[in-house]
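Structure, as C-alpha cells:
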Amino acid sequence: MERACNFSFHVAAVSAAIVYIYFSTVLVFIDRWFGLGSSPGMINAAVFTFIAAMSVSSYRRAIYTDPGRVPSSFVPDVEDSDSPIHEIKRKGGDLRYCQKCSHYKPPRAHHCRICNRCVLRMDHHCVWMNNCVGHANYKIFFVFVFYAVLSCTYSLVRSAYLCVRAMWLAEKGGHLYSHPYDIGTFDNLTAVLGPKVLCWLCPSSGHVGSGLRFKTKYDALMGLSTPD
-1 MERACNFSFH VAAVSAAIVY IYFSTVLVFI DRWFGLGSSP GMINAAVFTF
49 IAAMSVSSYR RAIYTDPGRV PSSFVPDVED SDSPIHEIKR KGGDLRYCQK
99 CSHYKPPRAH HCRICNRCVL RMDHHCVWMN NCVGHANYKI FFVFVFYAVL
149 SCTYSLVRSA YLCVRAMWLA EKGGHLYSHP YDIGTFDNLT AVLGPKVLCW
199 LCPSSGHVGS GLRFKTKYDA LMGLSTPD
C-alpha cells in the first residue's frame, strides 16, 4: 500500500547525496582509476550503477510504502488462543488504548506524534524518509540501508586510492618514476636477453639498441619506441 509523500528537506538532501556520490564515483574515481572506455572500467561502472539503482529503488519504496495502519475497529480478543500475549499499560493493567486515535493498540504498535497516527510494529520515525519504519516497510528500509552502506563503501575505497596516490605524488614532488628504467618484467628481460625468447639461453649476443639510450617507464606509458 502506497501513501502520499509531502516534500521534505531531508528527502531532498538524501536524493542529492545519492546523485553526487554516483556521478563522482563513476565519472571521477572509476574513470581516473580504470578509464570508462576499458573493460575493467565498464565492469566497475556497471556494478556500481546496479548498487546505486537498488539503493534508489529501495529508498523510494521505503518512502512511499505505508508502514501499517491500525484499523479503527480493532479490539483485542483476550480469549484468542492464537494471541496468548497481550500488552497492557504499566499503570492499571488495562489494555493499551490510544487516546489520540481513539482505538486499542495491537502488540508492538505505537503512536507517532509526527505522522499523528498509530503504526503497526513501529520501530521509529525516520526523518530522512519522511516516514515511519514499521510492519510493512521494515524489510525495505533494511535493504535500503544495506545497499546504501555498500555503495558508500565502494565509493570510499575508490576515492581512498586516488587520495593516497595524490599524497604520495605530492611527497615525491610530482616525480612519478622512482625507477625510470624498470619497464616491467618481460621488457626488462627482453632488454638484456634479446627480443627472441627461443634464443634467450643461447650463447649469442642479445643486446638491443646502441647503448646510448634506453627505454624508460615514460616511453612505455606513452607507447614510444627507443631510438637506436
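In the working numbering, the protein residues as written are -1 to 226. For each residue, glycine too, the CB sits at the ideal point set by N, CA and C. Just so we're clear, the structure is a prediction, and the values are computed from it rather than from any experiment.
Helix, strand or coil at residue i [DSSP, three-state]
i, result
"Leu93", "strand"
"Cys110", "strand"
"Cys200", "coil"
"Ile83", "Only weak support exists for where Ile83 lies, its pLDDT of 48 falling under 50; the value from the coordinates is given anyway. Coil, per DSSP."
Endpoints, beta strand (DSSP E) assigned at residue i
i, result
"Val125", "Careful: Val125 lies outside any beta strand (DSSP E) and carries neither H nor E."
"Arg115", "115 to 117"
Cβ distance (whole Å) where residue i is taken to contact residue j below 8 angstroms
i, j, result
"Phe227", "His109", "The chain is shown from -1 up to 226; residue 227 falls before or after that span and cannot be answered."
"Ile138", "His123", "Wrong, their Cβ atoms sit about 15 angstroms apart, outside the cutoff."
"Ala14", "Gly66", "That belief does not hold up - the Cβ atoms of Ala14 and Gly66 are roughly 29 angstroms apart, past 8 angstroms."
"Ser153", "Phe27", "7 angstroms"
"Val206", "Ala189", "6 angstroms"
When the options are compared against residue i, the one with the closest alpha-carbon
i, options, result
"Met40", "Thr214, Lys137, Trp126, Leu25", "Leu25"
"Phe142", "Tyr18, Phe32, Ile19, Ser53", "Ser53"
"Leu160", "Leu93, Arg30, Asn129", "Arg30"
"Tyr57", "Leu187, Ala15, Met127", "Met127"
"Thr63", "Ala10, Val117, Tyr20", "Val117"
"Thr151", "Gly182, Asn129, Leu191, Thr23", "Thr23"
"Cys130", "Met165, Gly182, Ala60", "Ala60"
"Phe212", "Trp198, Val195, Asp185, Cys200", "Asp185"
"Phe144", "Asn114, Val68, Ala51, Thr214", "Ala51"
"Tyr136", "Ser149, Val125, Val147, Met120", "Met120"
"Gly182", "Thr214, Val155, Pro201", "Thr214"
Residue i: first and last residue of the uninterrupted alpha helix (DSSP H) it sits in
i, result
"Leu191", "183 to 191"
Of all the alpha helix (DSSP H) runs that stay within the bounds of the stretch 129 to 172, which reach a length of 4 or more residues? 136 to 169
In chain order, which alpha helix (DSSP H) runs of at least 4 residues are fully inside the stretch 4 to 65? 7 to 22, 37 to 62
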